[in-house]
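Taking it in order: structure first as structure tokens, then the write-up.
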Amino acid sequence: MKHLIITLALSWGTLAVFGQKQERSPLAKDLQIKIALQAAPADQREGAKVLGYNEKGEFITLQEGTATNNLTCLAPDYKSSVLYAYAYPKSLDPFMARGRELIAEGKRKQRDEIREAEHKAGKLPIPQTPTILYGYWGPLAKLNNTTGEIEGAQRRYVIYVPYAKAADIGLSSKPGLPGIPWLMDEGSYKAHIMINPENMGHSHGK
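Numbering (our numbering), first residue to last: 59 to 264.
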């Protein structure tokens with residue numbers, strides 16, 4: 059009986075250890091920058107502004123951009139086992155930054171509604187000419203710590219065209235075959251053309 063109790067105690071202890079959520083620390087600054095820059099076109103990486111996390115997990119500027127580079131790059135959330143990096147022109151900074159603020163406030167579901175209201179009230183500027191968001195992602199397990207590249211990484215492109223209608227620009231308003239552009243949220247303040255790869259690994263569409 060004594061041996062049974064000891065065995066059960068050890069088993070429960072083992073299950074408790076494996077049941078705990080794995081905690082991750084922010085990646086090294088230089089590595090975050092390398093990953094973030096992978097999202098940008100190769101000829102626009104040098105001198106781009108990079109946002110990411112310090113050792114405490116606080117969201118900060120990791121690298122100031124130069125006056126001649128118009129891109130902002132986002133390092134991945136270190137808490138995720140899938141690393142998502144993004145790049146976009148600085149004209150989208152207010153829109154993107156406001157989205158991050160609302161998510162931090164626990165308002166992810168209300169984010170678009172709030173941003174739309176603020177935009178219509180003249181409080182949140184959004185470019186009225188086409189602007190692009192570059193997405194780059196892949197599993198942490200396949201990250202090259204030297205180059206910041208992720209083996210088998212996926213790419214997605216989002217082109218914001220506020221208030222555009224699908225029929226006006228010859229696109230479908232629903233996703234079709236991988237790689238074929240389609241218009242999401244047509245007619246809205248954040249209508250955008252989606253160009254998705256095959257097997258995205260996460261849902262992004264109607």
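Glycine included, each C-beta is placed from N, C-alpha and C at the ideal position. Computed from a predicted model, the values in this text were never measured in an experiment.
DSSP three-state call for glycine 196: helix, strand or coil? Glycine 196 falls in the strand class under three-state DSSP.
Length of the line joining the Cα atoms of lysine 200 and tyrosine 142: Distance from the CA of lysine 200 to the CA of tyrosine 142, rounded to the nearest whole angstrom, comes to 13 Å.
Could you tell me whether the stretch 211 to 226 touches the stretch 184 to 196, where touching means 3 or more Cβ pairs closer than 8 Å? Contact holds: three or more Cβ-Cβ distances are below 8 Å.
Glutamine 168 burial status per 10 Å Cβ neighbour count (16 or more: buried): Note on glutamine 168: under 16 other CB atoms within 10 angstroms of its CB, so exposed under the neighbour-count rule.
Please say whether leucine 109 and leucine 95 have beta carbons closer to each other than 8 Å? Judged by beta-carbon spacing, leucine 109 lies beyond the 8 Å limit of leucine 95, meaning their Cβ atoms are not closer than that value.
Which residue wins for smallest C-alpha separation from arginine 103, given the options Ala175, Glu122, Ile184? Closest option to arginine 103, Cα to Cα, is Glu122.
In whole angstroms, give me the CA-to-CA distance for asparagine 203 and glutamate 256. So the two alpha carbons sit approximately 26 Å from each other.
Identity of the residue in Glu244, Arg156, Cys131, Met252 nearest lysine 181 by Cα: Looking at the Cα atoms, Arg156 is the closest of the given residues.
Within this structure, are the beta carbons of proline 134 and isoleucine 93 separated by less than 8 Å? With contacts defined as CB atoms closer than 8 Å, proline 134 and isoleucine 93 qualify as a contacting pair.
Suppose you measure from the CA of serine 231 to the CA of glutamate 113; what does that come to, to the nearest Å? Taking the straight line joining both Cα atoms gives about 42 Å.
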